[in-house]
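Same order as they appear, the protein sequences are chains A and Y.
Each residue of the first sequence is one higher than the one before, counting from 1 in the UniProt record's numbering.
Each residue of the second sequence is one higher than the one before, counting from 1 in the UniProt record's numbering.
A short worksheet on the structure shown next.
2 protein chains.
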Amino acid sequence: MSDAPRDIDHLIELMAKLPGLGPRSARRAVLHLIKKRGLLLNPLADAMHAVAVSARECLNCGNIGTSDLCEICQSEKRANGEICVVEDVADLWAMERSQVFKGRYHVLGGTLSALDAVGPEDLRIPKLVDRVISEEVKEVILALNATIDGQTTAHYLAEQFEGSDVQVTSLAQGVPIGGELDYLDDGTISAALKARKSV
Amino acid sequence: MSDAPRDIDHLIELMAKLPGLGPRSARRAVLHLIKKRGLLLNPLADAMHAVAVSARECLNCGNIGTSDLCEICQSEKRANGEICVVEDVADLWAMERSQVFKGRYHVLGGTLSALDAVGPEDLRIPKLVDRVISEEVKEVILALNATIDGQTTAHYLAEQFEGSDVQVTSLAQGVPIGGELDYLDDGTISAALKARKSV
Chain A
1 MSDAPRDIDH
11 LIELMAKLPG
21 LGPRSARRAV
31 LHLIKKRGLL
41 LNPLADAMHA
51 VAVSARECLN
61 CGNIGTSDLC
71 EICQSEKRAN
81 GEICVVEDVA
91 DLWAMERSQV
101 FKGRYHVLGG
111 TLSALDAVGP
121 EDLRIPKLVD
131 RVISEEVKEV
141 ILALNATIDG
151 QTTAHYLAEQ
161 FEGSDVQVTS
171 LAQGVPIGGE
181 LDYLDDGTIS
191 AALKARKSV
Chain Y
1 MSDAPRDIDH
11 LIELMAKLPG
21 LGPRSARRAV
31 LHLIKKRGLL
41 LNPLADAMHA
51 VAVSARECLN
61 CGNIGTSDLC
71 EICQSEKRAN
81 GEICVVEDVA
91 DLWAMERSQV
101 FKGRYHVLGG
111 TLSALDAVGP
121 EDLRIPKLVD
131 RVISEEVKEV
141 ILALNATIDG
151 QTTAHYLAEQ
161 FEGSDVQVTS
171 LAQGVPIGGE
181 LDYLDDGTIS
191 AALKARKSV
């Protein structure tokens with residue numbers, strides 16, 4: 001209840017469903033939008049309509065694009081025999097921002113989880129096994145989150161390719177660039193110590 | 001740069017301009033919207049278009065409504081000789097949620113500020129003086145924020161009505177309901193002590 005007219009109340013309710021916004025910040029956002037009607041409210045509504053019409057999940061890798069095959073899967077340059085496995089599209093975007101990886105991706109759409117009853121067939125794992133064969137993949141790079149579910153999923157995936165010629169690797173764990181030891185958790189420090197390298 | 005297609009990038013840029021959202025939370029919100037296209041993205045775009053068309057600033061009090069006079073200014077029941085002065089529409093909504101005040105409002109649209117060069121004519125102060133006469137107001141209740149600028153504005157407004165029959169009051173300051181003394185700042189405790197009442 002915000003005692004705003006019905007249209008505005010409805011908009012506040014919908015905005016409050018976005019991750020990171022609650023009822024109070026949704027009210028603040030809506031008031032801001034109304035003040036900046038021409039600059040922000042109308043363009044935002046148009047942009048949402050455009051995305052609602054154009055956004056599509058890539059049938060091959062699960063990335064979000066504007067056609068049935070995303071730009072990365074369409075590009076022959078990215079077919080270098082490497083597939084980077086990520087949990088979510090947000091992780092794919094994070095990898096792309098670093099501009100280091102030149103291969104293709106595979107978005108699982110989550111992690112295996114006994115608690116939430118998520119099994120291999122609920123994720124895009126069978127499709128990954130197919131792709132490794134059809135795209136002649138030589139290396140599967142696991143870029144899963146360093147959580148328990150992420151690591152369980154990584155172990156499961158590594159097992160799938162045991163005995164085949166496919167190399168399975170995972171991102172290195174250690175001290176983040178710019179990280180201060182004093183602010184790091186024990187797990188990270190012990191992982192970094194175990195994986196120490198000669199300089 | 002998020003390596004998302006152009007439509008999606010554009011939507012992320014616009015979302016990141018909302019108060020309380022930055023680039024990272026905007027990306028998260030947009031991915032959530034795309035996943036919930038039918039349930040959230042389309043309805044949100046429609047709701048924004050509806051508000052962009054219907055929302056209007058009340059010419060009398062500055063509240064946001066759907067016609068030139070807001071519902072509160074249209075209602076004869078609310079013409080009880082009391083006007084509550086607030087800084088912003090968000091404050092008006094907060095007052096209305098408490099369902100205690102039965103009079104009308106006046107939204108200043110900010111506070112006087114020497115630093116930001118905001119003078120009385122930049123706010124809705126002349127209109128307030130007009131309304132006090134035309135609506136036969138007996139009491140002006142100042143519900144301004146307890147900041148320096150808010151209190152400066154309150155003093156200025158009190159001066160405007162000095163010598164007239166209009167009573168100027170302000171919200172009581174003290175310990176909030178449910179507040180624990182240990183977590184309160186010194187200023188609030190000393191204000192509450194000065195304004196102590198016999199029980």
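By construction, the Cβ of each residue, glycine as well, lies at the ideal position given by its N, Cα and C atoms.
Handout entry: Chain-ordered chain B contacts of Ala47(Y) [CB-CB under 8 angstroms]
Key = Given the protein chain composition of this structure (A and Y), no chain B is represented.
Provide the residue span of the alpha helix (DSSP H) that contains Ile100(A), from first to last.
Before going on, a small fix: residue 100(A) reads as Val here, not Ile. Careful: Val100(A) lies outside any alpha helix (DSSP H) and carries neither H nor E.
Is the beta carbon of Ala90(Y) closer than 8 angstroms to that of Arg27(A)?
yes
Determine the chain A residues that contact Val89(Y) at a beta-carbon separation under 7 angstroms, and present them in chain order. Leu31
query: Taking the beta strand (DSSP E) that Leu142(A) falls in, what are its first and last residues?
result: Taken as a continuous stretch (DSSP letters only), the beta strand (DSSP E) holding Leu142(A) covers Glu139 to Leu142.
Counting C-beta neighbours from all protein chains within 10 Å, is the total for Ile141(Y) 16 or more, i.e. buried, or is it exposed?
buried
Spell out the partners DSSP gives His106(A) in its beta bridges. The beta-bridge partner set that DSSP reports for His106(A) consists of Val85(A).
Assigned exposure category for Val85(Y) - 16 Cβ within 10 Å defines buried
It is buried - the Cβ of Val85(Y) has at least 16 other Cβ atoms within 10 Å.
May I ask you to report which of helix, strand or coil DSSP gives Glu57(Y)?
Of the three classes helix, strand and coil, the one that applies to Glu57(Y) here is strand, per DSSP.
Specify, as a first and last residue, the run of the beta strand (DSSP E) that Thr169(Y) falls within.
-> Element bounds for Thr169(Y): Gln167 to Ser170.
Q | CB of Ala29(A) within 8 angstroms of CB of Ile8(Y), strictly | A | no
Quick check on Val199(Y): does DSSP put it in helix, strand or coil?
coil
*CA nearest to the CA of Cys73(Y), picked from Ala192(Y), Pro43(Y), Gly178(Y) and Val107(Y)*: Val107(Y)
message = Taking its Cβ as the centre, do 16 or more other Cβ atoms sit within 10 Å of Thr169(Y), making it buried, or is it exposed?
response = exposed
(request) Pull up the DSSP beta-bridge partners for Gly150(A), would you. (result) Beta-bridge pairing links Gly150(A) to no other residue.
| task | Give the residues of chain Y in contact with Ala79(A), contact being defined as C-beta atoms less than 8 angstroms apart. | result | Within chain Y, no residue comes near Ala79(A); the closest Cβ sits about 18 angstroms away, beyond 8 angstroms.
Under the DSSP definition of a beta bridge, which residues are partnered with Ile64(Y)? Glu57(Y).
Give the interface partners of Ser54(Y) over in chain A, defined as CB-CB distance under 7 angstroms, in chain order. Asp7
Any 3 or more C-beta pairs closer than 8 angstroms across the region 40-50 of chain Y and the region 39-53 of chain A | yes
Helix, strand or coil for Leu181(A) per DSSP? helix
- For the alpha helix (DSSP H) holding Leu14(Y), just list the boundary residues, first then last. Arg6 to Met15
| For Ile83(A), the nearest candidate out of Gly38(A), Leu41(A) and Val129(A) (CA to CA) | Val129(A)
Between Gln160(Y) and Pro126(Y), what straight-line distance do the alpha-carbon atoms span, to the nearest angstrom? 10 angstroms
Quiz item: With DSSP run on the structure shown, which of helix, strand or coil describes Val118(Y)?
Solution: strand
- Does the beta carbon of Lys17(Y) come closer than 8 angstroms to any beta carbon on chain A? yes
Given Leu14(A) as reference, the closest of Arg6(Y), His32(Y), Ile12(Y) and Asp185(Y) once Cα atoms are compared: That would be His32(Y), whose Cα lies nearest to the Cα of Leu14(A).
**Asked** Curious, which full-length alpha helix (DSSP H) runs of at least 4 residues does the region 16-48 of chain A contain?
**Response** Segments of the alpha helix (DSSP H) lying fully in the region 16-48 of chain A: 23-35.
Q. In terms of alpha-carbon separation, which member of Val118(Y), Ala158(Y) and Glu71(Y) lies closest to Glu96(Y)?
A. Glu71(Y)
How would you list, in chain order, the residues of chain Y whose beta-carbon sits under 8 angstroms from the beta-carbon of Arg28(A)? Pro19, Gly20 and Ala90
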